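*Asks:* Residues in the sequence shown are numbered consecutively from 326, following the numbering used here.
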Amino acid sequence: MNLALAKDKVKAVFLAAEDLKIAASILYQAYHDDPLFMNIFQADKEGYEERLRAAIREELHTFWIAKQPMVGLFEGERLLAVACLIQPNASLGPNRFWHWRLKMLLTAGFMGTRQMVEKEQKVREQVPAGRYHMLSFIGVHPDHQHRGLGHVLMRAIDTLMDEDRSSEGVAVFVTLPKCLGFFEDGDYGLVKELQVGRIAGHLMFRRKK
Numbered sequence: 326m327n328l329a330l331a332k333d334k335v336k337a338v339f340l341a342a343e344d345l346k347i348a349a350s351i352l353y354q355a356y357h358d359d360p361l362f363m364n365i366f367q368a369d370k371e372g373y374e375e376r377l378r379a380a381i382r383e384e385l386h387t388f389w390i391a392k393q394p395m396v397g398l399f400e401g402e403r404l405l406a407v408a409c410l411i412q413p414n415a416s417l418g419p420n421r422f423w424h425w426r427l428k429m430l431l432t433a434g435f436m437g438t439r440q441m442v443e444k445e446q447k448v449r450e451q452v453p454a455g456r457y458h459m460l461s462f463i464g465v466h467p468d469h470q471h472r473g474l475g476h477v478l479m480r481a482i483d484t485l486m487d488e489d490r491s492s493e494g495v496a497v498f499v500t501l502p503k504c505l506g507f508f509e510d511g512d513y514g515l516v517k518e519l520q521v522g523r524i525a526g527h528l529m530f531r532r533k534k
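#1: Name the residue from L460, Q446, F507, V495 whose alpha carbon lies nearest to the alpha carbon of R531.
#2: Which stretch, first to last residue, makes up the beta strand (DSSP E) that contains G455?
#3: Nearest to W389 by CA position, among D344, L377, G473, is which residue?
#4: Cβ of L485 versus every heavy atom of the ligand HEM: is any distance shorter than 6 Å?
#5: Between which two residues does the alpha helix (DSSP H) containing K346 stretch?
#6: What first and last residue would you give for the alpha helix (DSSP H) that runs through A481?
#7: Is DSSP giving R523 helix, strand or coil here?
#8: Distance check for T484 and H527, CA to CA, integer angstroms please.
#9: Hey, how far is the Cα of K517 from the Cα of G401?
#10: According to the neighbour-count rule (16 or more other Cβ atoms, all chains shown, within 10 Å of its Cβ), is K444 buried or exposed?
#11: What are the boundary residues of the beta strand (DSSP E) that includes A496?
#12: Quick check: G437 and F498, are their CB atoms within less than 7 Å of each other?
#13: Are the CB atoms of L385 and A342 within a distance shorter than 7 Å?
#14: So S492 and P413 are supposed to be a Cβ contact under 8 Å. How far apart are they, rounded?
#15: By alpha-carbon positions, which one of V396, G511, M363 ends up nearest to R378?
#16: Strictly by DSSP, which residues pair up with F362?
#17: Where do the N-terminal and C-terminal ends of the beta strand (DSSP E) with G397 fall, by residue?
#18: Over the uninterrupted alpha helix (DSSP H) stretch that includes A380, give me the two end residues.
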C-alpha cells in the first residue's frame, strides 16, 4: 500500500514478505549498540550477534503473521529505512503468541525473555492513552543516514496514526540518548524515565492533534 509520501525519489510503502530479510538486516544494524538489547541478549557473551539477529527476525515474523504495519522507505527497488508499529487493537500484548515466547526463550534465554516482557508491561502501564500505536522498531540503513529519511519515515508513521480514528497517538521507548532529539523534533514529549533491569530509557508519546 502506497502511503503517498515522497522525498526526492523516495516512497513509503508497506513491506512485502520478500522485504523482511533486508528489513531485519537494517534493524539489526540500528539496534546492535542499543543498551537495552545489549543487556537482554548479553552482549558481553559469545553469540550476541546471532541472538540479536534471530530475535529481530522472529519479531518481524510475528508482526507479519499478526498483520501489523511495517513501513519501508524505498528508493527505486532498494529498501533504505524501516518502521514497525503495533496497532491499537492488536493482540500483540506483553504475552505475545505462545510460539513467540517459546522461540524467544530459545534465543534470549529465560532472563532475556522475561526482561523483554517486563519492558513491554512497564511501558504500557505508563502510556497516557487507552488506544494508541506503539513504535517498536525504527531504523535507517547506515549508508543512507543523514539524508532526512528518518523524518520522512516519521511522517509516514503520523499518516498511519491519523488514518486510524481509534488511535490517540504513538508511543515509543527510547534507550539510545542520541535518538531523543530525533523524537523531540517529531513532536514526541517525554512521559517518564523508566528503568528496565539495569537499563534506563525514556518513554515518549506523540498525541494526535
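Virtual Cβ for every residue (Gly too), placed ideally from N, Cα, C. In this text, all values refer to a predicted model and were calculated from it rather than measured experimentally.
*Replies:* The short version:
#1: Here residue 531 corresponds to residue number 206 of the sequence shown, with the count starting at 1. The shortest C-alpha separation from R531 is found at V495.
#2: Position 130 of the sequence shown, counted from the start, is the residue given in the question as residue 455. Taken as a continuous stretch (DSSP letters only), G455 belongs to no beta strand (DSSP E), as it is neither H nor E.
#3: Locating residue 389 in the sequence shown gives position 64, counting from the first residue. Of D344, L377, G473, the residue nearest in Cα terms is D344.
#4: This structure does not include the ligand HEM; it has no bound ligands of any sort.
#5: Residue 346 sits at position 21 when you count from the first residue of the sequence shown. It spans 345–356 - the alpha helix (DSSP H) in which K346 sits, taken as one unbroken run.
#6: The residue labelled residue 481 in the question sits at position 156 within the sequence shown. 474–488 is the extent of the alpha helix (DSSP H) around A481.
#7: The residue labelled residue 523 in the question sits at position 198 within the sequence shown. It is coil, neither helix nor strand.
#8: As a position in the sequence shown, residue 527 is number 202, starting the count at 1. As a position in the sequence shown, residue 484 is number 159, starting the count at 1. Roughly 23 Å between the two C-alpha positions.
#9: Looking up residue 517 in the sequence shown gives position 192. Looking up residue 401 in the sequence shown gives position 76. One C-alpha to the other measures close to 40 Å.
#10: Position 119 of the sequence shown, counted from the start, is the residue given in the question as residue 444. Taking all protein chains shown into account, K444 has 16 or more neighbouring C-beta atoms within 10 Å of its C-beta and is therefore buried.
#11: Residue mapping note: residue 496 aligns to position 171 of the sequence shown, counting from 1. Per DSSP, A496 is one residue of the beta strand (DSSP E) stretching across 494–499.
#12: Within the sequence shown, numbered from 1, the residue matching residue 437 stands at position 112. Within the sequence shown, numbered from 1, the residue matching residue 498 stands at position 173. No, the pair does not count as a contact, with Cβ atoms beyond the cut-off.
#13: Residue numbering aside, residue 342 sits at position 17 when the sequence shown is read from its first letter. Residue numbering aside, residue 385 sits at position 60 when the sequence shown is read from its first letter. The answer is no: Cβ separation not under 7 Å.
#14: Indexing the sequence shown from 1 puts residue 492 at position 167. Indexing the sequence shown from 1 puts residue 413 at position 88. 5 Å between Cβ atoms; contact.
#15: For the purposes of this step, residue 378 is identified with residue 53 of the sequence shown, where counting begins at 1. That would be M363, whose Cα lies nearest to the Cα of R378.
#16: In the sequence shown, the residue the question calls residue 362 occupies position 37. Answer by DSSP bridge pairing: none, since F362 is not bridged.
#17: One-based indexing of the sequence shown puts residue 397 at position 72. Looking at the DSSP string, the run of the beta strand (DSSP E) that includes G397 is 395–400.
#18: Counting from one through the sequence shown, the residue named residue 380 turns up at place 55. Run containing A380: 373–390, per the alpha helix (DSSP H) assignment.
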